[in-house]
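Peer 1: Attaching a single structure in structure tokens format; questions to follow.
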Amino acid sequence: MNKENLWGPWRTFGKSHHFSHVSLRETLQGGQSFDWKSLSDYHWRGKIGDVALECRWEKNLVQWRKVRIQKLKSLQVEKYFFLDQGYQNAIDELPWRSDPVLRKCISKLRGLRILRQPLDQTLFYFLLSSAKSIPQIQSIGDAVCKKYGKEIAPEIYSFPGWERLAQVSEAELRSLKLGYRAKYVAQTARLIANQDNGLEGIGDLPYRDAKKELLRLPGVGEKIADCVLLFGGNFLEAFPMDTWIEKSLEKRYALKGWKSDNKIHFARIHFGKSAGLAQQFLFSAERLGILDKK
DNA sequence: CTCCAGGAGATAT
DNA sequence: ATATCTCCTGGA
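Residue numbers (this note's numbering): 1161 to 1454.
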């Protein structure tokens, strides 16, 4: 790879991004995406689809640049980072006016976003996520991308796609340390490759139908389906219920003793149609331990 | 050494 | 319906 002149010029997000350093870092590396690696605490390298990108925090500005010869429009970057008015609208729909817990999360993590990632790749990473920590998911995901994808920038490999993964054996995936998840990936890949239009169209279905489609795939249960829909399908109503959020709801909303199904029901009613965005604020706030401080 | 992670699927009640 | 066990791997 030609290292000279690899990166194009830095471009700057509009003023209304509202990110803080913390909320930007949390957006990129807080567990919704596994594409971003830090070069420093203020500088990340990652990808959007098959295009390699860098992103940095520079004196309250957020800047990005891409590999010069790769194609990506500013508009696509803005869409990926949810920079449009839809973000503020979604925040406005949350019940922060009457919910002090949520108000605190939003205030402390101003600018935190749900990324609009490609659905196929999001499904892949979350199939790997069960009983794994963020660094582990990133590590085994990267191993697969490195072996079957393209190197689109130094140390950045593209997601090879389900068609390609359909040609890989479970044993080979196991050799990449996927463990029992290897079977999920291998079987899901074959199923998708044999479908007429692959995963296309899922993003256009109503939430319930899209979820039903994903639940047909081996290794995809309630939690992972909602992660894929929220982080890779632009379904802000999807509410992934992991053990962290479950504990958080018990503690912050006095739901101790409630069954999981009832907790989800509470979340949908209470947080409304952008419940997934609320989930992300809660999740990050718990992760960073900023709810117990004043 | 044992335990258990940001889960899903199979099996048994 | 709900409870329990197992599945790989790596880190505490």
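Cβ coordinates follow ideal geometry from the N, Cα and C atoms, glycine included. These numbers come from a predicted model, not from an experiment.
Contact between the stretch 1440 to 1447 and the stretch 1264 to 1281 is defined here as three or more beta-carbon pairs at a separation below 8 angstroms; is this criterion met?
Peer 2: A contact exists between the stretch 1440 to 1447 and the stretch 1264 to 1281.
Peer 1: Give the single residue among D1195, L1390, N1249 and S1267 whose Cα lies nearest to the Cα of K1306.
Peer 2: Of D1195, L1390, N1249 and S1267, the residue nearest in Cα terms is D1195.
Peer 1: Beta carbon of L1351, beta carbon of L1377: below 8 angstroms?
Peer 2: yes
Peer 1: Pick helix, strand or coil for I1316, following the three-state DSSP scheme.
Peer 2: In the three-state scheme derived from DSSP, where H, G and I count as helix and E and B as strand, I1316 is classed as strand.
Peer 1: Tell me A1212's beta-bridge partners as DSSP assigns them.
Peer 2: Its beta-bridge partners are K1207.
Peer 1: At the level of alpha carbons, what is the spacing between V1345 and D1356?
Peer 2: Between V1345 and D1356, the C-alpha separation is close to 19 angstroms.
Peer 1: Whose CA, out of D1210, I1208, K1207 and H1203, lies closest to the CA of W1217?
Peer 2: Between W1217 and the set D1210, I1208, K1207 and H1203, the nearest pair of CA atoms involves H1203.
Peer 1: Distance, Cα to Cα, V1261 vs L1451?
Peer 2: 8 angstroms
Peer 1: Distance check for L1269 and V1182, CA to CA, integer angstroms please.
Peer 2: 7 angstroms
Peer 1: Let me know if E1164 comes out buried or exposed under the rule of 16 or more other beta-carbons within 10 Å of its beta-carbon.
Peer 2: exposed
Peer 1: For Y1285 versus I1294, is the C-beta distance shorter than 8 angstroms?
Peer 2: no
Peer 1: Would you grab the beta carbon distance between K1337 and A1303 for me? Rounded to a whole angstrom, and I think it's under 8 angstroms.
Peer 2: The Cβ separation is near 7 angstroms, so the contact holds.
Peer 1: So for E1218, helix, strand or coil by DSSP?
Peer 2: strand
Peer 1: Does DSSP classify W1224 as helix, strand or coil?
Peer 2: strand
Peer 1: Which value, in whole angstroms, describes the spacing of the CA atoms of P1169 and V1237?
Peer 2: So the alpha carbons of these two residues sit roughly 14 angstroms apart.
Peer 1: Per DSSP, what kind of secondary structure is K1419 in: helix, strand or coil?
Peer 2: coil
Peer 1: Consult DSSP for W1167 and reduce its assignment to one of helix, strand or coil.
Peer 2: strand
Peer 1: Between which two residues does the alpha helix (DSSP H) containing V1199 stretch?
Peer 2: Correcting the residue type first, residue 1199 is Leu in the shown sequence and not Val. Looking at the DSSP string, L1199 is not in any alpha helix (DSSP H); the run it does join, the beta strand (DSSP E), is K1197 to S1200.
Peer 1: Contact between the stretch 1240 to 1260 and the stretch 1170 to 1181: three or more CB pairs below 8 angstroms?
Peer 2: yes
Peer 1: Give me whichever residues DSSP pairs with E1311 in a beta bridge.
Peer 2: According to DSSP, E1311 bridges with Y1317.
Peer 1: What residue range does the alpha helix (DSSP H) around W1322 cover?
Peer 2: W1322 to L1325
Peer 1: Who are T1187's beta bridge partners in DSSP?
Peer 2: Paired residue(s): none; T1187 is not in a bridge.
Peer 1: L1232 and T1172 - do their beta-carbons sit closer together than 8 angstroms?
Peer 2: no
Peer 1: Just tell me which of A1445, A1331, E1186 and L1325 has its CA closest to the CA of N1354.
Peer 2: Minimum Cα-Cα distance from N1354 among the listed residues A1445, A1331, E1186 and L1325 corresponds to L1325.
Peer 1: Taking the alpha carbon of W1167 as the reference point, which residue from Y1240, K1226, R1185 and N1249 has its own alpha carbon closest?
Peer 2: Cα-wise, what sits closest to W1167 is K1226.
Peer 1: Could you pull the DSSP bridge partners for T1348 from this structure?
Peer 2: Paired residue(s): none; T1348 is not in a bridge.
Peer 1: Using the Cβ count rule (16 or more neighbours within 10 Å means buried), how would you classify Q1189?
Peer 2: buried
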